Amino acid sequence: MSVDKDTVRRIARLARIALDEARVEPMAAELSGIMGWVEQLNEVDVTNVAPMTSVVAQSLKMRDDVVSEGGNAEALMANAPEGEDRFFVVPKVVE
Amino acid sequence: MSAGAPKLLKGDTGEWEIVIGMEVHAQVLSNAKLFSGASTAFGAEPNSQVSFVDAAMPGMLPVINRKCVEQAVRTGLGLKAKINLTSIFDRKNYFYPDLPAGYQISQYKNPIVGEGEVTIDLADGESVRVGIERLHLEQDAGKSLHDQHPDHSYVDLNRAGVALMEIVTKPHMRSSEEAAAFLKKLRAIVRYLGTCDGNMDEGSMRADVNVSVCRPGGYQRFRESGDFKHLGTRCEIKNVNSVRFIAQAVEYEARRQIEIVEAGGTIRQETRLFDARAGETRSMRSKEEAHDYRYFPDPDLLPLVLERAWVDEIAATLPELPDEKKARFMALGLSAYDAAVLVAERETADYFEEMLKDGAEAKAAANWLNNEYFGRLNKAGLSLAEGPISPKANSAIVQMIAADVISGKIAKDLCDIVWNEGGDPRAIVESRGLKQVTDTSAIEKAVDAVIAAHPEKVEEVKAKPKLAGWFVGQVMKQTGGKANPQAVNAILKTRLGLPDEG
Amino acid sequence: MSSPTDFTLAGARDALRAKEVSAVELTEAFIGAVEAARPLNAFVTETPDRARAMAKESDARIAKGEARPLEGLPLAIKDLFCTKGVRTTAGSNILSNFVPPYESTVSQNLWDAGAVMLGKTNMDEFAMGSSNETSAFGPVFNPWRSRTSNAKLVPGGSSGGSAAAVAAQACLAATGTDTGGSIRQPAAVAGIVGLKPTYGRCSRYGIVAFASSLDQAGPMTRNVRDAALLLRAMASVDPKDSTSVDVPVPDYEADLERGVKGLRIGIPKEYRIDGAPPEIDALWAEGVAWMKAQGAEIIDVSLPHTKYALPTYYIVAPAEASSNLARYDGVRFGHRAKGAHDIADLYEKSRAEGFGREVQRRILIGTYVLSSGYYDAYYIRAQKLRSLIADDFTQAYKKCDVLLTPATPGPAFAVGAKTADPVSMYLNDVFTVTVNLAGLPAISVPAGATADGLPLGLQVIGKAFDEATVLRAARAIEVAANFTARPQPWWRAA
Ligand SMILES: [Mg+2]
Ligand SMILES: [Zn+2]
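Chains as they are written, first to last, in this note's numbering: chain A, 1 to 95; chain B, 1 to 502; chain C, 1 to 494.
Spelled out as structure tokens, the structure:
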């Protein structure tokens, strides 16, 4: 599967990674190489094969409905690049 | 029960039908969040109820809250829906400042609850069934505040990770009234179940409303074939957060769509916002970026597998729901309307039943509540729980009316006293001498006194029997309202020599 | 013993208990070794003060006769494990200033067992790499050099810093994580033991996630006994990790010397690959001969879908990673780009500046294979392949108890040799990745060397939660191979 430049731009946008125009072409080539190599999976007949849903054979464990965390805004905010009045701050979002 | 006669809207080129579906986000009642141990309490200081899991700090992992699962199952059972014993949590990937992980954990292909239904009661006494498509569990997002600073938005993650039930209906509603009635009914059901507090002001319940219009008959063809091509293009109106707004939003949106189509335009499938102040919907201006959520099963979680026995246990503890209660109340002699009013809120029904337990007769108790007590509460702006009169006291009043101990008029006065001063109504009637006078000789005395004092009126009433009411009033005045009105009437008739039919 | 740094983990434990050395002495010796090993660039962060404080406490406990299983033993921690109050970078610029307010369960287990932290080891960025060249903190160099060249070699990856630190005796042992081979491949090319436990054996809580369904923490040690000792301390069922499994953790050391007599050892024919150096096949044949000589039964088995494991992995792992790494957005922690004019710009710039090339490449692959229209063709197909690969093992284990394979397709290679072609780099994991896809335990144990003296490893793969048998078989190889060579400490002169 060859990955074209528009596809690279589209997925870079979806992944929120700025990609200089100069990197689009080489990235398309790299991804095409990798996806081409991955194509060999099409050799295998997978009809009637169930996709793997969990690596371990156990049911989902559950927690009790008890408040045991939170109440520590200081630790929560300690790594924040920008914070104000206990809020995380981002450039204004226009809806 | 019918599928509901379509309410037709008149356009310039003919008539139109509205078709409505809804997605309701109901916040699960639980102490802790869906996948973390942080509190769900409303109104806390910003970022004070956020675990490292909720903030998606590196290496943090979700562990599901059993209570939230139980609440979803309970709600599913209350919606008479299929409970899926295996369900899967998926990640819905998108970037937004109030979505810390860059994905929302939700259920996409395999929800915990499948198809069910809700019966709604309309004002004309008609009932309509609204199909439920599914219910799934998912995380709420945080809150972005955009109006605190000229160039910044502030992010508060207190809500992030709170459990939501997304309840999706089939497009089975046909008018703004039905849409409003559905939301009211759904709210009543989850409140009965104790799975959501239904508090729309605090955002515990938010509805996204899908509206489309089609020519008469289109909906019927859709119902017969299941083919959506018979319906018009729909628009989704986001976050309509009151029952009243839903009706407004639907009306506005349907009109808007009809105008567009009639002018030769086409409806663009889009998401719109309801502007409550302007009473209109408008397009969300967000860049028309194709959403590609890249759903896939969350590898931090395993499939959620429920045991049938656990589901059965939950089913066994389900309370009586509004529909069943309404049927039971009607069997006690209540009208459909009275029963519907009483079951609309669990607290109301409970109050009513307390009164019955205390000896009041059902119909009389329902009349007293609906015609007297609720009006007083309304006027005072109080909820039933805040109201000053206990079910026991109201029951006593109703029973005293029924036993002719007090008249209806005295009952109202008595209600005033209990409302303002409290106390046991029976004791008050006793101590203040409010008992209805049924003693014939006492009434005769009063009648005679009135006749004696107003000979001119006696002549008048003999000519015009309709004026007898004036005498009744005078006698009641004399007895301080306590005379039994039937007895007064009867004695007056004899004394004044009036014909029986009066 | 010439220096306390010559101790093995078990040896140091015994010496501490016998009061032949104190925890403080041992720790000081290792702090010195860490400093001396700086030319290897094995550590991102050194924590000597914390190490000294912990050692002091350990000596106090030993004096009171209250020694815990790893009391006073200096370890290095891969910088993927969050350590409370100690910077944790995942080898990335995007986390270059991140100080976790919490501790990973695995590292907490180690501190609860009395271990001493020397520092955080370098690694491929977000564990994406097989040579430790993708680290934002520069490459790590393998303590080993070819007899015929002074070229700097890679230590493998992604746990390259841990492998180098153990091989250079800059710690008694280290933690690693293994998503496609990131413990076993560096262990093999650095001449040490590396064990990837069964998925679910060690908690993932507090480990910066790469690919959630594949990541697993494990020990990197000088010998098999140390791996047994360290695994026991690392493993636990954890209520904070939904995928950690409640299976009792046995005393792996107890069973270690039982030998392989009567053990059925499967030899999967698909692990013989074209283009692998003849030394690899020769070593493998030697391993088979050792096992046979010690009384094991050798059984030919087939794992028919082996050749699809790597491409399957390169769909599943990037897909999960693309989502796991979405949280690095410059809002709550980590690098934030300056001068962003709106929120989308902030995301795009922060992530472009914060993530290195390989991480960006994998995020894009993952985004692509999950995107609408491609999900079924790639992701679902890969998960189906994964079922087939796991089933291959299930079938094989009807006939045998463990599998014996080479650990890597070759020895350590020169820095820069494989960076140009991603696929050639990915092929380093060809023997290790199947095990991650199936969630099984596997160990790499030093078994020999190339003609010019570079270490090579053999891999033993076991049944789920049967690490005990894996360790026992590895111990038998270790005894037979008697690989005692040590790298020349060229870095001390550097
Ligand atoms: Mg929705
Ligand atoms: Zn939703």
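For each residue, glycine too, the CB sits at the ideal point set by N, CA and C.
It should be emphasised that the depicted structure is a prediction, and the values quoted were computed from it without experimental measurement.
Near L334(B), what residues of its chain come up, given a Cβ to Cβ distance below 8 Å and the 5 sequence neighbours on each side ignored? In the second sequence, the residue the question calls residue 334(B) occupies position 334. Answer for L334(B): L342, A362, K363 and A366, listed in chain order.
When every heavy atom of ligand 2 is checked, does at least one fall within less than 7 Å of the C-beta of E279(C)? Taking the first residue of the third sequence as 1, we reach residue 279(C) at position 279. The answer is no for E279(C).
Please identify, using Cβ separations under 8 Å, the residues of the segment 53-64 of chain A that lie next to chain B, in order along the chain. T53, S54, V56, Q58, S59, L60, K61, M62, R63 and D64
Would you say the beta carbon of E430(B) comes nearer than 7 Å to a heavy atom of ligand 2? Numbered from its first residue, the second sequence carries residue 430(B) at position 430. It does not: the Cβ of E430(B) is nowhere closer than 7 Å to a heavy atom of ligand 2.
I207(C): contacting residues in chain B (beta-carbon distance under 8 Å): Residue mapping note: residue 207(C) aligns to position 207 of the third sequence, counting from 1. Here the neighbours are G59.
Answer yes or no: the CB of H291(B) versus the heavy atoms of ligand 2, is any distance below 7 Å? Start at 1 with the first residue of the second sequence, and residue 291(B) comes out as number 291. Result no, Cβ not under 7 Å from ligand 2.
Does any C-beta atom of chain C lie closer than 8 Å to the C-beta of E21(A)? For the purposes of this step, residue 21(A) is taken as residue 21 along the first sequence, with counting starting at 1. Output row for E21(A): interface = no.
Which residues mark the beginning and the end of the alpha helix (DSSP H) in which K185(B) is found? By one-based count along the second sequence, residue 185(B) stands at place 185. It spans S176 to L193 - the alpha helix (DSSP H) in which K185(B) sits, taken as one unbroken run.
I'd like to know whether the C-beta of E270(B) is nearer than 8 Å to at least one C-beta of chain A. Numbered from 1 along the second sequence, position 270 holds the residue referred to as residue 270(B). No - not a single Cβ of chain A is within 8 Å of the one on E270(B).
Is DSSP giving I491(B) helix, strand or coil here? Taking the first residue of the second sequence as 1, we reach residue 491(B) at position 491. DSSP places I491(B) in helix when its eight states are reduced to three.
Can you list the residues of chain A that L458(C) reaches, using a CB-CB cut of under 8 Å? One-based indexing of the third sequence puts residue 458(C) at position 458. Here the premise fails: no neighbours, minimum Cβ distance about 25 Å.
To the nearest angstrom, how far is the alpha carbon of D151(B) from that of L384(B)? Position 151 of the second sequence, counted from the start, is the residue given in the question as residue 151(B). Position 384 of the second sequence, counted from the start, is the residue given in the question as residue 384(B). Cα-Cα distance, rounded: 46 Å.
Closest residue to A473(C) among V445(C), L454(C) and A163(C) (Cα-Cα distance): Taking the first residue of the third sequence as position 1, residue 473(C) is located at position 473. The shortest Cα separation from A473(C) among V445(C), L454(C) and A163(C) belongs to V445(C).
Pick helix, strand or coil for F509(B), following the three-state DSSP scheme. Residue 509(B) lies beyond the range of chain B shown here (1 to 502); nothing can be said about it.
If the criterion is Cβ atoms closer than 8 Å, does the pair E71(C) and L16(C) meet it? By one-based count along the third sequence, residue 71(C) stands at place 71. By one-based count along the third sequence, residue 16(C) stands at place 16. Yes, the Cβ-Cβ distance between E71(C) and L16(C) is below 8 Å.
Proximity test, E361(B) beta-carbon vs ligand 2 heavy atom, cut-off 7 Å: On the second sequence, residue 361(B) is found 361 positions in, with the first residue counted as 1. Because no heavy atom of ligand 2 lies under 7 Å away, the Cβ of E361(B) does not count as near it: no.
For V44(A), tell me which candidate among A309(C), S182(C), P268(C) and A396(C) has the shortest Cα-Cα distance. As a working mapping, residue 44(A) is identified with position 44 in the first sequence. Measuring from the Cα of V44(A), the nearest candidate turns out to be A309(C).
Closest to G473(B) by C-alpha separation, out of K462(B), I451(B) and L29(B), would be which residue? Mapped onto the second sequence, residue 473(B) falls at position 473. The option with the nearest alpha carbon to G473(B) is I451(B).
Using a C-beta to C-beta distance shorter than 8 Å, which residues of chain A count as neighbours of V470(C)? Here residue 470(C) refers to the residue found at position 470 of the third sequence. Neighbours of V470(C) on chain A: none; closest Cβ ~17 Å, over 8 Å.
Between the segment 208-226 of chain C and the segment 170-188 of chain C, are three or more C-beta pairs nearer than 8 Å? yes
With 16 other CB atoms within 10 Å as the buried threshold, where does N371(B) fall? In the second sequence, residue 371(B) corresponds to position 371, counting from 1. Label assigned to N371(B): exposed.
Any beta-carbon of chain A closer than 8 Å to the one on G37(B)? Your numbering for residue 37(B) matches position 37 in the second sequence. Cβ-Cβ to chain A under 8 Å: yes for G37(B).
Comparing the CB of H25(B) with every heavy atom of ligand 2, is any distance shorter than 7 Å? By 1-based counting over the second sequence, the position of residue 25(B) is 25. Within the cutoff, so yes.
For V24(B) versus Y219(B), is the C-beta distance shorter than 8 Å? Position 24 of the second sequence, counted from the first residue, corresponds to residue 24(B). Position 219 of the second sequence, counted from the first residue, corresponds to residue 219(B). No.
Report yes or no: is there a C-beta of chain A within less than 8 Å of the C-beta of I265(C)? As a first step, residue 265(C) must be located in the third sequence, where it is residue number 265. Closer than 8 Å: no.
Please classify P139(C): is it buried, with 16 or more other beta-carbons within 10 angstroms of its beta-carbon, or exposed? Residue 139(C) sits at position 139 when you count from the first residue of the third sequence. P139(C) comes out buried.
How would you label Y322(B), buried or exposed, when you count the other beta carbons within 10 angstroms and need 16 or more for buried? As a first step, residue 322(B) must be located in the second sequence, where it is residue number 322. The identity of residue 322(B) in the sequence shown is Pro, whereas the question assumes Tyr. Classification of P322(B): buried, given that the 10 Å Cβ count is 16 or more.
Using only the heavy atoms of ligand 2, determine whether one of them is closer than 7 Å to the beta carbon of E138(B). For the purposes of this step, residue 138(B) is taken as the residue at position 138 of the second sequence. For ligand 2, at least one heavy atom lies less than 7 Å from the Cβ of E138(B).
How about S204(B): is its Cβ closer than 7 Å to a heavy atom in ligand 3? Looking for ligand 3 in the displayed structure turns up nothing; the ligands present are ligand 1 and ligand 2.
Which bits of chain C does P97(B) rub up against, with CB to CB less than 7 Å? Looking up residue 97(B) in the second sequence gives position 97. Within chain C, the residues near P97(B) are V331 and I343.
Along the segment 64-81 of chain A, what residues have a CB closer than 9 Å to any CB found in chain B? D64, D65, V66, V67, S68, E69, G70, G71, N72, A73, A75, L76, M77 and N79
Find the residues of chain A that neighbour S242(C), judging by a C-beta separation of less than 8 Å, and give them in chain order. Position 242 of the third sequence, counting from 1, holds the residue named residue 242(C). Result: L60 and K61.
Euclidean distance between Cα positions of V73(B) and T317(B): Your numbering for residue 73(B) matches position 73 in the second sequence. Your numbering for residue 317(B) matches position 317 in the second sequence. Their Cα atoms are separated by approximately 12 Å.
Which of the three DSSP states is assigned to R327(C) in this structure? Taking the third sequence and counting its residues from 1, the one referred to as residue 327(C) is at position 327. DSSP places R327(C) in helix when its eight states are reduced to three.
Who are L79(B)'s beta bridge partners in DSSP? Residue 79(B) sits at position 79 when you count from the first residue of the second sequence. Note: L79(B) sits in no beta bridge, so no partner.
Would you list the residues sitting across from M62(A) in a DSSP beta bridge? Here the question's residue 62(A) lines up with position 62 in the first sequence. Bridge partners of M62(A): I64(B).
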